[in-house]
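Protein sequence lines, in the order shown, are assigned to chains W and L. Quick note, the first sequence lines up with residues 68 to 331 if you use our numbering. Quick note, the second sequence lines up with residues 2 to 275 if you use our numbering. The beta carbon of each residue, even a glycine, is placed where N, CA and C say it ideally should be. Quick caveat, the model's predicted, so the values are computed rather than measured.
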Amino acid sequence: MSLHPVHFGPPTRRLFGLHHPARGHARANLLMCLPLLHEHVRSYRFFSQLADRFADAGIACLRFDYFGTGDSDGDDDAFTPQSALADIAEAAAELRRRDAAAPLVLLGIRASALLAARAAGDVDAAALWCWQPEHDGRAYIERIAARYREELASRDRFPSRKTLPSAQAGDLMGFRLAPAFAEEFAACRLDDAPGNVPLAVIGDDAALRLAPPHATRHLLPPTATFWADQIDLRGLIALRDAESAVQSLLHELPEPSLRMQAYG
Amino acid sequence: MDEVIAFGDGRGFGLLSRAHGARRRAPTVVLLNAGLTHRIGPFRIYVRLARRLAAEGFDVLRFDLPRVGDGDARPAESAEAVVTGVLDTLQQRAGAREFVLGGICSASDLAWRIVQNEPRVSGLLLYDAFADRGPWFRIARLRRALARPLAQWPGLAWRVLGRLRVQKPATGFDAQSARDWPEPAVFRAQTAALLDRGVQILAMYTGGVSKYLLHPRQLGTTFGMKRPDPRLELHYWPDYDHLLLPPDDRERMVDTVVAWCRKWSLPAELERAA
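Okay, structure coming up:
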């Protein structure tokens, strides 16, 4: 098996992750902060394959689920932005426990980019990569809340329902979250990323246009970005369509020697 | 508490939610992937179901089939062979002797194929599985068309006439041809054989499969003479969507499965202790 399932974190708050060891000497540790809510399932296999791709290129990867999401312990309403930041710190420590010398790169995907941007300074990341990032937590919450209402009113989804369902407070995209989730998340912005951490933005034209001025930009074709916001999983995302962006990211890996001084 | 269990010579893994305490019931529940959705299920329903069942005394396994989630990209075996291997592993390493097998959508189809030749399976969990369209589907579709506002009738009639005039190739999703289903008569014979073998069957259907199921009486024609068999439990929820998007709908589905699983009683000594 080229990936190793692992539970980590305190016994009362166990997180689940998948570690993809680097082929040969690790050039970096990559911590993947996966997309949230419906996009987590929608993109799961793609980011599993992407982690394999990076591992083949000498980058050890850890994909993990926040507490209250995916395979980690906890119910849906235990997942909050504050707890997610603590989980990122826990996962970063887990990666460093395996290899303290390699520099840590945070990969924040979609809405998780906002969390990774906040966490980057606290976990002393050597670089922050944001994949198809959301830029503004408030706009994100408003958009997916509207999308959820639209989906609940869809006659395609509920062809036989006489009274269409309505969302309860805290419900977002089919998940019953803590009522405080939306308010907390609305305060997150990609601008929260510390200015002294090298930033890369990977995405379509629109995402690259919105990227902060100091970010490097890595273009994805529409065939690699179409899945964002989708609820139904009707087809897979082809890894080969992201290969060009992967190649350009590999060229800007942080130097291991710089981090060895801090963690060696 | 979930634990990792490796199988397939270390090529795959699953997450086994262990029965709480000593309250372990006989069958181990094995949930198969819902289409391309990885082992957590749509909106994490498999995680919720596994943990609820573990609290009821069942071991429950979730894992990824080849080409799904973290599953093998280049499998050497069929999905059926992979599942059989997983049952072998659970038998050898987790002491499982009998199994409840199934899951959502295509998981039901795969479980149906496997159970025909797998005597260790004592329970089948079906969700939006095969249903025979039959005459009741056409009646329900006609009734639905007639219930539309009068203003829509001319357009509807035009479309129906158009379809009669021109034999267009089918468009959109056609579950009856897209999924690997037996002929209705074969399905009924297989149902009878499974029930006679003592297999318990829970089959749940939703409004999300209105392309092939619109009327509760279709379940009678689907399961045939065995419809009243006490080992066959059927539910039709026309209000629900296929993925159970609203959390309350998911909870009702989980409640239904948990209640059905209580058919498998606790060992007598634990019942007395409880």
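Boundaries of the alpha helix (DSSP H) around Glu106 of chain W: His105 to Arg109. Take Glu4 of chain L, set aside five residues on each side of it, and the residues of its chain with a beta-carbon closer than 7 Å to its own are Leu17 and Arg19, in chain order.
For Leu266 of chain W against Ala273 of chain W, the beta-carbon gap comes to about 17 Å, at or over 8 Å, which does not count as contact. Along the stretch 206-233 of chain L, going in chain order, the ones with a CB nearer than 7 Å to a CB of chain W are Gly208 and Ser211. Put simply, the stretch 171-178 of chain W touches the stretch 195-202 of chain W. At least three CB pairs are less than 8 Å apart.
For Pro247 of chain L, the closest Cβ of chain W is nearer than 7 Å. Boundaries for Ile202 of chain L: no alpha helix (DSSP H) harbours it, while the beta strand (DSSP E) harbouring it runs Gln201 to Thr207, taken from the DSSP string. In chain order, Gln117 and Pro183 place their CB closer than 7 Å to the CB of Gln191 of chain L, counting only its own chain and leaving out the 5 sequence neighbours on each side. Under the three-state reduction of DSSP, Tyr213 of chain L is assigned to coil, being neither helix nor strand. Around the beta carbon of Ala112 of chain L, 16 or more other beta carbons sit within 10 angstroms, so the residue counts as buried.
Excluding its 5 nearest sequence neighbours in each direction, Asp123 of chain W has C-beta neighbours in its own chain below 6 Å: Arg90, listed in chain order. Ile46 of chain L has a beta carbon lying at 7 Å or more from every beta carbon in chain W.
Rounded to whole angstroms, Ala95 of chain L and Leu88 of chain L show a C-alpha spacing of 10 Å. Put simply, of W:Ser311, W:Leu97 and W:Ala167 the residue whose alpha carbon is nearest the alpha carbon of Gly270 of chain W is W:Ser311. At a cut-off of 7 Å between C-beta atoms, Ile140 of chain L does not count as an interface residue with respect to chain W.
By the rule that beta-carbons nearer than 7 Å mark a contact, Leu33 of chain L does not touch chain W.
For a Cβ distance threshold of 9 Å, residue set Gly208, Pro239, Asp240, Tyr241 and Asp242 of chain L lies close to Arg228 of chain W, ordered along the chain. Residues of chain L whose Cβ lies closer than 7 Å to the Cβ of Leu303 of chain W are, in chain order, Leu37. Looking only at W:Ser315, W:Ala193, W:Val73 and W:Leu101, the smallest Cα-Cα distance to Ala167 of chain W is reached by W:Ala193. Segment contact: the stretch 74-88 of chain W against the stretch 41-58 of chain L, fewer than three CB-CB distances shorter than 8 Å; contact not assigned. Looking at the DSSP output, Ala127 of chain W shares a beta bridge with W:Asn96. According to the DSSP assignment, Tyr207 of chain W belongs to no beta strand (DSSP E) but to the alpha helix (DSSP H) extending over Gly204 to Leu219.
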